[in-house]
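**Q** Chains A and B supply the protein sequences, listed in that same order.
For the first sequence, my numbering gives the first residue as 1, with consecutive numbering after it.
For the second sequence, my numbering gives the first residue as 1, with consecutive numbering after it.
Just so it is clear, CB atoms sit at the ideal spot from N, CA and C, and this is done for glycine as well.
Below is one structure. I have some questions about it.
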Amino acid sequence: MSDAIVAAAAAAAVGATGTGAADAGTTGARAKMSVQDLRVSFGAFEALRGLSIEVQPRAVLGVIGPAGSAKTTFLRALNRMNELAPGCRTRGRVLLDGQDIYATGMDPSELRRKVGMVFAMPLPLPMSVYDNICYGPRLAGIRDKASLDELAERSLRAAFLWDEVKDRLGRSGLRLSGGQQQRLCLARTLAMEPEVVLLDEPSSGLDPVSTAKIEDAIAVLKEKIAFVLVTNNTKQAARVADVTAFFLMGELVEIGPTGKLFTNPADRRTDDYLTGRFG
Amino acid sequence: MSAPRGVAARGAAARVATAGRARARGQARAQAIAVGILGAATAAAIAALAFIVFFVLSRGLPSVTLEFLFSKPRGMGRSGGILPAIVGTFVLPALAIAIALPLGAGTAIYLTEYTREGRLTRAIRFGSDCLAGIPSIIFGLFGYIFFVTTLGLGWSLLSGALTLAIMILPTIIRTTEEAIRSVPRSWREVSLSLGATRWETIVKVVLPNALPGIVTGVMLGLGRSIGETAAVIFTAGSSLRMPQSIMDSTRTMAVHFYILAREGISAEKAYGTAAVLVISVLAVNAVTYWLMNRFIKRRAR
């Protein structure tokens, strides 16, 4: 697939994003993040093969595709987590508010404060709930107890976890249930007050109630934050995403408003995947 | 038509059941034998340990009095106490750890967190493993030639501590490395994703969680240097005076015991020294594990 078509598809998606991201695409509103011809390889293996896509502000970009289609690699390219893997090479451009995040002089720590991430597994750090939440803010230099308290409560409320843990903030985050742990991870990311949040299959191992709570949180938070949601659960993408992209073998097959992509996909392979003929 | 087949099936089932019972009996016997052998091995190991401790304490404790603990030796240790040796026994290994831990932990952190696995790291690891297998007297000889003579530090706490530090360095590097490796990679990723730098991640996530392993390494090193004689005699000397600075020679309890026993000065005092040494080692271990448990509990409430 040529880059021109991808760009056109992305542009079309931007223009046609009617419902969720109301004004995101109209009259030249700037994309929050803009990915241009992104190629990521690990050693000799090219995982992402020239991908262009835009992340709109105040919207959820869903990314679906079968296993091995480089969804996670794409996600981790947006906050430069790929470079932790040995032999990883990234080409192309990724712009955040028009600034190339791979430019020399760009501080990855600073970037990751703006572009937060929730991992596929619930991964609380082995410390108290409170210290988990305050981990990022403290690194960012917030030392004041009152500010940290306020931030912790606000983040936990936003992740629909406050009521369950408000009496045991001092207890280890590892002692929460799986669903609570994942919401703790979301709250921890939110505590950095990020501009973009990357969700890597955030509910892959969770019960329906916890999943619903996370999705509710996203629905509220997208007023302020741009989300990129990688999911193996196409129904979740249909519920949550405003725009959905379908990846296959490291390439972007199709991107469009979620309603259109699910009901009337332009590409045969998208249709095959959505109807369960492969994947 | 169905009857014969049913009979045959029943016969087969019975045979299978019999074979199954026989197998189960065999397994149960193997299980019993295994438990017996393993239990006996454990009992033998514990018994040997208990016997040594009992032997040393029963011979030594009668001569351990307050005077023995808190006074200076007289007549080369024939009478009097062992206070300078007790001080030497604690100060010398403590100094050795103080030197070896930053060096060893630093090396381990560098090898695990800042280098990619390659020929160089393998060479360094091989070298440090070889170092771990060298007899302590070789380290003593090296320490004597290099620290005592060449650098002119003389027989002193400093020479002894530097020598012991080199001796226990491989152990500390290796255990710290293993401890750091045992911290899940995902925790590092989480920390980095929250805006931490590599160094902040090491300080806030990796080292606190590697601590039990690092402490184990320190304990092993401490045990080795408390019990060391050859390397200490060559480098820290065997002065019976109370050391006033790290440039003074000293004598550890292990060395004191060795000299008392080797030169037939006083078997009674030798056993007394051994008893104090054994109790000290047990006490240091107990306190360290107590502190470590407290630390772990405080973190994982």
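Using three-state DSSP, classify GLY188 of chain B as helix, strand or coil.
**A** The residue labelled residue 188 of chain B in the question sits at position 188 within the second sequence. Checking the displayed sequence, the identity of residue 188 of chain B turns out to be Arg instead of Gly. In this structure, ARG188 of chain B counts as helix in the three-state DSSP scheme.
**Q** Please report the straight-line C-alpha distance between ALA40 of chain B and ALA274 of chain B, rounded to a whole angstrom.
**A** As a first step, residue 40 of chain B is located in the second sequence; it is residue number 40 there, counting from the start. As a first step, residue 274 of chain B is located in the second sequence; it is residue number 274 there, counting from the start. Going from the Cα of ALA40 of chain B to the Cα of ALA274 of chain B covers about 29 angstroms.
**Q** Taking the runs of the alpha helix (DSSP H) that are 4 residues or longer, which of them lie wholly in the region 108 to 142 of chain A?
**A** DSSP runs (the alpha helix (DSSP H)) wholly in the region 108 to 142 of chain A: 108 to 114 and 129 to 139.
**Q** Determine the closest residue to ALA231 of chain B out of B:PRO243, B:ALA165, B:THR175 and B:VAL205, with distance taken between C-alpha atoms.
**A** Residue 231 of chain B sits at position 231 when you count from the first residue of the second sequence. Nearest option by C-alpha distance: B:ALA165.
**Q** So, does the CB of SER182 of chain B fall closer than 8 angstroms to a CB anywhere in chain A?
**A** For this step, residue 182 of chain B is matched to residue 182 along the second sequence. Not one chain A Cβ lies under 8 angstroms of SER182 of chain B.
**Q** Looking at the secondary structure, which residues open and close the alpha helix (DSSP H) in which PHE147 of chain B lies?
**A** The residue labelled residue 147 of chain B in the question sits at position 147 within the second sequence. Unbroken run through PHE147 of chain B: none, as it is neither H nor E.
**Q** Can you tell me where the alpha helix (DSSP H) holding GLN236 of chain A begins and where it ends?
**A** Here residue 236 of chain A is taken as the residue at index 236 of the first sequence, counted from 1. Run containing GLN236 of chain A: 234 to 240, per the alpha helix (DSSP H) assignment.
**Q** Could you name the residues that DSSP lists as bridge partners for GLN182 of chain A?
**A** The count along the first sequence starts at 1 and reaches residue 182 of chain A at position 182. Paired residues: none, contrary to the question.
**Q** Going by C-alpha distance, which of A:TYR273, A:ARG239, A:TRP162 and A:GLN236 is nearest GLU254 of chain A?
**A** Locating residue 254 of chain A in the first sequence gives position 254, where the first residue counts as 1. When each option's Cα is compared against that of GLU254 of chain A, the closest is A:TYR273.
**Q** Would ILE175 of chain B pass as a contact of LEU103 of chain B if the rule is Cβ separation under 8 angstroms?
**A** In the second sequence, the residue the question calls residue 175 of chain B occupies position 175. In the second sequence, the residue the question calls residue 103 of chain B occupies position 103. According to the sequence as given, residue 175 of chain B is Thr; it is not Ile. Not in contact: THR175 of chain B and LEU103 of chain B (Cβ atoms no closer than 8 angstroms).
**Q** TYR135 of chain A CB to nearest chain B CB: under 8 angstroms?
**A** By 1-based counting over the first sequence, the position of residue 135 of chain A is 135. Yes, contact with chain B.
**Q** Can you give, in chain order, each stretch of the beta strand (DSSP E) that sits fully within the region 64 to 120 of chain B and has at least 3 residues?
**A** You should have found no qualifying run.
**Q** Taking 8 angstroms as the threshold (C-beta atoms), are ARG58 of chain A and LYS222 of chain A in contact?
**A** To locate residue 222 of chain A, count along the first sequence from 1; it is residue 222. To locate residue 58 of chain A, count along the first sequence from 1; it is residue 58. Yes; because the gap between Cβ atoms is below 8 angstroms, this pair is in contact.
**Q** Under a Cβ-count criterion, where at least 16 other Cβ atoms within 10 Å of its own Cβ denotes burial, should LYS280 of chain A be classed as buried or exposed?
**A** This structure gives no information on residue 280 of chain A, because the portion of chain A shown stretches from 1 to 279.
**Q** Less than 8 angstroms between the beta carbons of ARG76 of chain A and ASN82 of chain A, yes or no?
**A** In the first sequence, residue 76 of chain A corresponds to position 76, counting from 1. In the first sequence, residue 82 of chain A corresponds to position 82, counting from 1. The answer is yes: Cβ separation under 8 angstroms.
**Q** At which residues does the beta strand (DSSP E) containing VAL183 of chain B begin and terminate?
**A** As a working mapping, residue 183 of chain B is identified with position 183 in the second sequence. Here VAL183 of chain B belongs to no beta strand (DSSP E), and DSSP marks it neither H nor E.
**Q** Which bits of chain A does VAL232 of chain B rub up against, with CB to CB less than 7 angstroms?
**A** Here the question's residue 232 of chain B lines up with position 232 in the second sequence. Per Cβ cutoff of 7 angstroms: no residues; VAL232 of chain B is ~40 angstroms from chain A at best.
**Q** So which residues on chain B does SER109 of chain A lean against when the C-beta distance must stay under 7 angstroms?
**A** Here residue 109 of chain A corresponds to residue number 109 of the first sequence, with the count starting at 1. In chain order: GLY195, ALA196 and THR197.
**Q** List, in chain order, every chain A residue whose beta-carbon is nearer than 7 angstroms to that of VAL205 of chain B.
**A** Residue mapping note: residue 205 of chain B aligns to position 205 of the second sequence, counting from 1. Those within 7 angstroms of VAL205 of chain B in chain A are LEU125.
**Q** Identify whether PRO212 of chain B lies in helix, strand or coil by the three-state DSSP scheme.
**A** Here residue 212 of chain B is taken as the residue at index 212 of the second sequence, counted from 1. The answer is helix: DSSP assigns PRO212 of chain B an H, G or I state.
**Q** Quick one: is TRP155 of chain B buried, meaning 16 or more other Cβ sit within 10 Å of its Cβ, or exposed?
**A** The sequence position of residue 155 of chain B within the second sequence is 155, counting from 1. Burial call: buried.
**Q** Over the uninterrupted alpha helix (DSSP H) stretch that includes PHE74 of chain A, give me the two end residues.
**A** Residue 74 of chain A sits at position 74 when you count from the first residue of the first sequence. 71 to 77 is the span of the alpha helix (DSSP H), which, as asked, contains PHE74 of chain A.
**Q** Mind listing the chain B neighbours of PHE119 of chain A? Cutoff is C-beta to C-beta under 8 angstroms, in chain order.
**A** Taking the first sequence and counting its residues from 1, the one referred to as residue 119 of chain A is at position 119. Ordered by position in chain B, the residues that pass the 8 angstroms Cβ test against PHE119 of chain A are SER186, GLU189, VAL190 and SER193.
**Q** Which residues in chain B have a C-beta closer than 7 angstroms to the C-beta of ASN79 of chain A? List them in chain order.
**A** Counting from 1 along the first sequence, the entry for residue 79 of chain A is found at position 79. Chain B residues near ASN79 of chain A: SER193.
**Q** Among all the DSSP beta bridges, which residues are the ones paired with PHE42 of chain A?
**A** Within the first sequence, residue 42 of chain A is the residue found at index 42, counting from 1. Beta-bridge pairing links PHE42 of chain A to A:PHE45 and A:CYS88.
**Q** Mind checking the region 116 to 135 of chain B against chain A and listing, in chain order, the residues whose C-beta falls within less than 9 angstroms of any C-beta there?
**A** Of all residues in the region 116 to 135 of chain B, ARG116 and GLU117 have a Cβ within less than 9 angstroms of some Cβ in chain A.
**Q** Give the single residue among A:ARG143, A:ARG138, A:VAL94 and A:GLY98 whose Cα lies nearest to the Cα of GLN280 of chain A.
**A** No information on residue 280 of chain A is available, as it lies outside the stretch 1 to 279 that chain A covers here.
**Q** If we count Cβ pairs, one from each stretch, closer than 8 angstroms, do we get three or more for the region 118 to 137 of chain B versus the region 45 to 57 of chain B?
**A** No contact exists between the region 118 to 137 of chain B and the region 45 to 57 of chain B.
**Q** Is the region 125 to 145 of chain B close to the region 195 to 208 of chain B, with three or more CB pairs under 8 angstroms?
**A** The region 125 to 145 of chain B vs the region 195 to 208 of chain B: no contact.
**Q** Does the beta carbon of ASN209 of chain B sit closer than 8 angstroms to a beta carbon anywhere in chain A?
**A** Within the second sequence, numbered from 1, the residue matching residue 209 of chain B stands at position 209. So yes, ASN209 of chain B belongs to the interface.
**Q** Are the beta-carbon atoms of VAL118 of chain A and ASP216 of chain A separated by less than 8 angstroms?
**A** If you number the first sequence from 1, residue 118 of chain A lands on position 118. If you number the first sequence from 1, residue 216 of chain A lands on position 216. Not closer than 8 angstroms, so no.
**Q** The beta strand (DSSP E) that contains ILE255 of chain A, what's its start and end?
**A** Taking the first sequence and counting its residues from 1, the one referred to as residue 255 of chain A is at position 255. Start and end: 251 to 257.
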